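As structure tokens, then:
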């Protein structure tokens with residue numbers, strides 16, 4: 000027999016384990032680190048392979064100190080790895096999957112913008128119907 004309050008609550012969902020909750024926290028932390036246009040540009044540059052700090056400075060057109068701050072945040076979050084060769088430091092993605100995730104998010108954005116554009120066009124047409132000739 001189904002009780003009234005069971006019917007209202009819907010199906011039961013399993014509790015989130017402490018391990019899964021921690022994983023969500025880490026994911027949010029990484030997403031927060033990527034919530035910066037320059038950092039996304041860095042990822043885009045590094046998806047093809049490692050680059051030196053100098054090459055990144057030149058490609059992004061930013062001050063070395065500013066770039067270093069971005070790289071430091073991304074390295075601390077485990078997004079980037081480094082390699083030293085003489086006096087040069089090279090950065091690379093810790094995993095190519097991060098570039099794939101960014102590509103998927105970019106596709107989501109493009110789809111949303113397309114949908115909004117279509118909605119905007121429909122609203123404009125409805126508000127300003129073509130005049131009869």
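Numbering (my numbering), first residue to last: 0 to 132.
Just so you know, even glycine gets a beta-carbon here, dropped at the ideal spot from N, CA and C.
Owing to the predicted nature of the structure, the values given are computational and were not obtained by experimental measurement.
TODO: Mind reading off the beta-carbon distance from residue 44 to residue 58? Whole number of angstroms is fine, and I expect it under 8 angstroms.
DONE: The beta carbons of residue 44 and residue 58 sit about 6 angstroms from each other, so the pair counts as a contact at 8 angstroms.
Task: Which of helix, strand or coil DSSP assigns to residue 87 - done: Residue state, collapsed to three classes: strand.
TODO: Between the Cα of residue 47 and those of 25, 114 and 91, spot the shortest distance and give me the residue it belongs to.
DONE: Looking only at 25, 114 and 91, the smallest Cα-Cα distance to residue 47 is reached by 91.
Task: Identified DSSP bridge partners for residue 51 - done: 89, per the DSSP bridge assignment.
- [ ] Would you tell me roughly how many angstroms separate the C-alpha atoms of residue 80 and residue 123, rounded to the nearest one?
- [x] Roughly 49 angstroms between the two C-alpha positions.
Open item on the list: Just to confirm the assignment, what range does the alpha helix (DSSP H) spanning residue 130 have?
Closed with: According to the DSSP assignment, residue 130 belongs to no alpha helix (DSSP H), since it is labelled neither H nor E.
Open item on the list: Assuming residue 55 and residue 78 are in contact, meaning their beta carbons sit under 8 angstroms apart, how far apart are those beta carbons, in whole angstroms?
Closed with: Actually they do not touch by this definition, with Cβ atoms about 14 angstroms apart.
Task: Burial state of residue 73 (16 or more Cβ within 10 Å) - done: Looking at its Cβ environment, which holds 16 or more other Cβ atoms inside 10 Å, residue 73 is buried.
Task: C-beta atoms of residue 51 and residue 16 nearer than 7 angstroms - done: No, the Cβ-Cβ distance between residue 51 and residue 16 is not below 7 angstroms.
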